[in-house]
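Below is one structure, written out as C-alpha coordinates, with a few remarks after it.
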Amino acid sequence: MTRERLAQGVSELESRVGQPLPLAQSLHEALLGAVFPLTAEELTWVARENEAPPVVLSLLGGLPRGRFASLDAVAVALEDGR
(Lines of atoms letter the chains of each structure in order from A; the text may use other names.)
(Lines give C-alpha, C1' and ligand atoms only; values in the text may rest on other atoms or scores of the structure.)
Protein backbone atom coordinates (compact mmCIF):
# COMPACT_ATOMS: atom_id res chain seq x y z
CA MET A 3 0.00 0.00 0.00
CA THR A 4 1.40 3.38 -0.95
CA ARG A 5 1.60 6.26 1.49
CA GLU A 6 -0.80 8.21 -0.68
CA ARG A 7 -3.41 5.46 -0.48
CA LEU A 8 -2.84 5.04 3.23
CA ALA A 9 -3.35 8.77 3.80
CA GLN A 10 -6.55 8.63 1.76
CA GLY A 11 -7.81 5.73 3.87
CA VAL A 12 -7.01 7.56 7.09
CA SER A 13 -8.84 10.65 5.82
CA GLU A 14 -11.90 8.57 4.96
CA LEU A 15 -11.85 6.92 8.37
CA GLU A 16 -11.53 10.26 10.15
CA SER A 17 -14.49 11.65 8.22
CA ARG A 18 -16.61 8.64 9.24
CA VAL A 19 -15.55 8.61 12.86
CA GLY A 20 -15.79 12.36 13.44
CA GLN A 21 -14.63 13.80 16.73
CA PRO A 22 -12.69 11.61 19.15
CA LEU A 23 -14.59 10.04 22.00
CA PRO A 24 -14.84 12.36 25.00
CA LEU A 25 -12.77 9.99 27.17
CA ALA A 26 -10.07 9.67 24.53
CA GLN A 27 -9.95 13.43 24.17
CA SER A 28 -9.90 13.91 27.96
CA LEU A 29 -7.10 11.37 28.28
CA HIS A 30 -5.09 13.11 25.56
CA GLU A 31 -5.55 16.50 27.25
CA ALA A 32 -4.80 15.07 30.70
CA LEU A 33 -1.49 13.61 29.54
CA LEU A 34 -0.44 16.52 27.34
CA GLY A 35 3.30 17.03 27.71
CA ALA A 36 3.91 13.60 29.24
CA VAL A 37 7.29 12.10 28.37
CA PHE A 38 6.94 8.34 28.20
CA PRO A 39 7.61 5.75 29.57
CA LEU A 40 5.72 6.53 32.79
CA THR A 41 4.21 4.55 35.65
CA ALA A 42 0.53 4.80 36.59
CA GLU A 43 1.51 7.01 39.53
CA GLU A 44 3.48 9.34 37.27
CA LEU A 45 0.61 9.43 34.76
CA THR A 46 -1.78 10.42 37.54
CA TRP A 47 0.60 13.16 38.65
CA VAL A 48 0.82 14.57 35.10
CA ALA A 49 -2.97 14.44 34.79
CA ARG A 50 -3.40 16.31 38.09
CA GLU A 51 -0.96 18.97 36.91
CA ASN A 52 -3.04 19.31 33.74
CA GLU A 53 -6.23 19.65 35.83
CA ALA A 54 -7.80 16.48 34.45
CA PRO A 55 -11.40 15.66 35.37
CA PRO A 56 -11.90 13.34 38.36
CA VAL A 57 -13.08 10.45 36.16
CA VAL A 58 -9.76 10.48 34.25
CA LEU A 59 -7.76 10.64 37.49
CA SER A 60 -9.75 7.69 38.83
CA LEU A 61 -9.14 5.63 35.69
CA LEU A 62 -5.41 6.38 35.71
CA GLY A 63 -5.22 5.52 39.40
CA GLY A 64 -6.66 2.09 38.65
CA LEU A 65 -4.05 1.16 36.04
CA PRO A 66 -1.91 -1.91 36.72
CA ARG A 67 1.67 -1.60 37.94
CA GLY A 68 4.38 -1.20 35.38
CA ARG A 69 5.53 1.37 32.89
CA PHE A 70 3.53 2.57 29.94
CA ALA A 71 5.47 3.27 26.76
CA SER A 72 2.93 5.59 25.13
CA LEU A 73 -0.50 7.15 25.28
CA ASP A 74 -1.72 4.25 23.13
CA ALA A 75 -0.43 1.77 25.73
CA VAL A 76 -2.37 3.64 28.43
CA ALA A 77 -5.54 3.56 26.31
CA VAL A 78 -5.16 -0.19 25.68
CA ALA A 79 -4.67 -0.87 29.40
CA LEU A 80 -7.77 1.17 30.21
CA GLU A 81 -9.80 -0.74 27.61
CA ASP A 82 -8.57 -4.08 28.96
CA GLY A 83 -9.60 -3.07 32.47
CA ARG A 84 -13.22 -2.47 31.51
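Sequential numbering of the sequence shown, starting at 3, is according to this note's numbering.
All C-beta atoms, glycine included, are put in the ideal place defined by N, C-alpha and C.
Report the partner residues of residue i according to the DSSP bridge assignment.
i: F38; result: BP columns for F38 are empty, so no partner.
Helix, strand or coil for residue i, going by three-state DSSP, please let me know.
i: R69; result: strand
i: E53; result: coil
i: G2; result: Since the first residue shown for the chain is 3 and the last is 84, residue 2 is missing from the structure and cannot be characterised.
i: L29; result: helix
i: M3; result: Since pLDDT at M3 reaches only 46, below the 50 mark, its modelled position is unreliable, and no value is offered.
Can you give the beta carbon distance from residue i to residue j, rounded, assuming they're within the 8 Å contact cut?
i: A49; j: V57; result: So it is not a contact: roughly 11 Å between Cβ atoms.
i: A77; j: L65; result: In fact, because the Cβ distance is near 11 Å, the residues do not count as touching under 8 Å.
Measuring alpha carbon to alpha carbon, tell me which of the options ends up nearest residue i.
i: V37; options: E81, S72 and A79; result: S72
i: N52; options: T41, L34 and L25; result: L34
i: G83; options: Q27, D74, L61 and F70; result: L61
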